[in-house]
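As given, the protein sequences belong to chains Z and P, one line each in that order.
Position 104 of the first sequence, counted from 1, bears residue number 113 in this note's numbering, the numbering being contiguous throughout.
Position 129 of the second sequence, counted from 1, bears residue number 143 in this note's numbering, the numbering being contiguous throughout.
As structure tokens, the structure follows; a few thoughts come after it.
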Amino acid sequence: MNDPNIERKFIQLVNENQGIIHKICSLYCQDEEHRKDLFQEILIQLWQSYSSYRGEAKFSSWMYRVGLNVAIQDFRKVKKRHQFFFYTNEFKEQSDGMEMGQSEEKLGAMHRAIADLNRVEKAIIMLYLDGKSHQEIAEIVGIKQNYVRVKMSRIKTKLSQRVKK
Amino acid sequence: MELLELQLAWQNWSDQDIQNYRVDETVISQSLTKQSQSEIALIKRAMRIKFFVGGLAALTAISLSIYSWIKPRELDFSPVEASALFAVLALSIMIMLSFNYRAFLGLQKVQASSLDLKSSLSQVIRLIRNVMNINVYSDALMTPVLVVWITYANISTRGEFLWNKHGWMLAGLALGIFCFSYFFQRYTQQLKFGRYVDRLQSYLDTLEKEK
């Protein structure tokens, strides 16, 4: 791993796909400090496990796998603050310009419901929202495709119940 | 239908978020040289210190074991007793270090891998429980050895070891210290790693209920 060419190529690939890391950090982090720490931790872990990437799967899928593993296994003592993603003004401004069938309040409630999911459920819903197929989700998470459907169904039910509250 | 709208919102938000937080290649390159602060990395760092200290202790014990034969009159014990003491110490330390090293290699392998979420959780839980057990048993085995020999040094007279009432007392002391160390270490290891392992286990349980 000391070869500068390998490092160069790795940095290039990560740079092209860094959006994945930012999405993971937004979903799992509670504040700016935590976000910076998790971002760095994911980069370090990606580099440490780069030798295991053989190119048989898409680089983005590999990044999701490593990044989500780091986020799920991250255990930092952080102060209880609002979930970063769902309480920023940026999101509110973003949603102003969009056409939506539901009121913004209901959508906000759903976002808060996602914030209440456990870390594994967040990973699955994130992959789904990112447009990953059930097969890709199954490969990243390590469960059967049928069970991905079952999990998605349960997550949808959970979200609906929480939104109704 | 709701999830479809959320998907649209998510995609739009993601694009904005990436623009706000995008970093250049210099930042990525600098991050690669930083130290990991993950639980596994912290455990590995503690293990490296253990290897260093344990290795020194084992070498010292081996040296003293040999020294007791070369200069027997320098020590309170007879040459056989002194040599046995230090040899047992050295052997115990080396056995524990070997278990620690195996666990260390296991952690290193997991760090360098890119397993799916379920496999990774399963491996990490197994390895950390392994580390906890090693810490418990190494303390439970080493402490009685040290305490018994120190006690023996204080109560015995020069000469070969004789199995008398002192022998039974020492055996009882060893058993008592072993039990106390075992349960005490189990408690401290549980305090240190228990919550983390339990949390990971709960995540794994949600993935294993494939019904």
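Cβ atoms here follow ideal geometry from the backbone N, Cα and C, with glycine treated the same way.
Q) Counting along the chain, where does the alpha helix (DSSP H) carrying Z:ILE152 start and finish? A) Taken as a continuous stretch (DSSP letters only), Z:ILE152 belongs to no alpha helix (DSSP H), as it is neither H nor E.
**Q.** Any alpha helix (DSSP H) of 4 or more consecutive residues that is wholly inside the region 129-171 of chain P
**A.** 131-169
Q) Apart from the five residues just before and just after Z:GLY76, which ones in its own chain have a Cβ nearer than 7 Å to its Cβ? A) ILE29, ILE30, ILE33, ILE51
Q) Do Z:ILE123 and Z:ILE133 have their CB atoms nearer than 8 Å? A) no
Q. On the premise that P:PRO158 lies in contact with P:ALA188, defined as a C-beta separation below 8 Å, what is that separation, rounded to the nearest angstrom?
A. 4 Å
Q) Counting only beta-carbon atoms, is P:TYR35 nearer than 8 Å to chain Z? A) yes
Q. Ordered along the chain, which non-local residues of its own chain (more than five positions away) have a Cβ less than 6 Å from that of Z:LEU126?
A. none
Q | Short CB-CB distance (under 8 Å) between Z:PHE68 and chain P | A | no
Q: Measuring alpha carbon to alpha carbon, tell me which of P:HIS180, P:ASN147, P:SER152, P:TYR151 ends up nearest P:TRP163.
A: P:HIS180
Q: Just tell me which of P:PHE207, P:LEU129, P:ASN34 has its CA closest to the CA of Z:ARG63.
A: P:LEU129
Q. Does DSSP classify Z:LYS18 as helix, strand or coil?
A. helix
(Q) Please report whether the beta-carbon of Z:GLU50 lies at a distance below 8 Å from any beta-carbon of chain P. (A) yes
Q: Decide if Z:CYS38 is buried, meaning its Cβ has at least 16 other Cβ atoms within 10 Å, or exposed.
A: buried
Q | chain P contact for Z:GLY117 (CB, 8 Å cutoff) | A | no
(Q) Out of Z:ILE53, Z:GLU42, Z:ASP40, which one is the CA nearest neighbour of P:VAL41? (A) Z:ILE53
Q) Is it buried or exposed for Z:GLU130, if we count other Cβ within 10 angstroms and need 16 for buried? A) buried
Q: Please confirm whether P:ASN114 and P:LYS64 have their CB atoms less than 8 Å apart.
A: yes
Q | Inter-residue spacing [alpha-carbon to alpha-carbon] between Z:ASP40 and Z:GLY117 | A | 19 Å
Q: Can you tell me the Cβ-Cβ gap for P:PHE207 and P:MET146, rounded? I've got them flagged as a contact below 8 Å.
A: 6 Å
Q) Is the CB-CB distance between P:LEU155 and P:TYR166 below 8 Å? A) no
Q.
Counting only beta-carbon separations shorter than 8 Å, does Z:TYR37 have a partner in chain P?
A. no
Q: Starting from the C-beta of Z:LYS89, find all residues in its chain whose C-beta is less than 6 Å away, skip the five residues before and the five after it, and write them out in chain order.
A: Summary for Z:LYS89: the model assigns pLDDT 47, below 50, so the residue's position carries little reliability; its value from the coordinates is reported in the next sentence. Same-chain partners within the cutoff: there are none.
Q | Z:PHE175 versus P:SER82: straight-line alpha-carbon distance, rounded | A | Here chain Z has residues from 10 to 174 only, and residue 175 of chain Z is not among them.
Q: Compare the Cα-Cα distances from P:LEU95 to each of P:GLN137, P:VAL150, P:SER79 and report the closest residue.
A: The sequence shown places Glu at residue 95 of chain P, rather than the Leu named in the question. Of the candidates P:GLN137, P:VAL150, P:SER79, the one whose C-alpha sits nearest the C-alpha of P:GLU95 is P:SER79.
Q. At a CB-CB cut-off below 7 Å, which residues of chain P make contact with Z:ASP40?
A. Simply none; closest approach about 14 Å.
Q. Around the Cβ of Z:ARG128, are there at least 16 other Cβ atoms within 10 angstroms (buried) or fewer (exposed)?
A. buried
Q. Is the Cβ of Z:ASP125 closer than 8 Å to any Cβ of chain P?
A. no
Q | CA-to-CA distance, P:ALA104 to P:ALA71, given in whole angstroms | A | 7 Å
Q | Same chain only: Cβ atoms within 7 Å of P:VAL150, ignoring 5 sequence neighbours per side | A | TYR196, GLN199, ARG200, GLN203
Q: Thinking P:LEU131 and Z:VAL79 are a contact (beta carbons under 8 Å), I'd like their distance in whole angstroms, please.
A: About 11 Å separates the two Cβ atoms, so there is no contact after all.
(Q) According to DSSP, simplified to helix, strand and coil, what is Z:GLY110? (A) Residue confidence is low: Z:GLY110 scores 48 on pLDDT, short of 50, so the model does not pin down where it sits. No coordinate-derived value is stated.
Q: Please decide whether Z:GLN170 counts as near chain P, where near means a Cβ-Cβ distance under 8 Å.
A: no
Q. Can you tell which of P:THR47, P:SER127, P:GLN30, P:THR74 has the C-alpha that lies nearest to the C-alpha of P:SER97?
A. P:THR74
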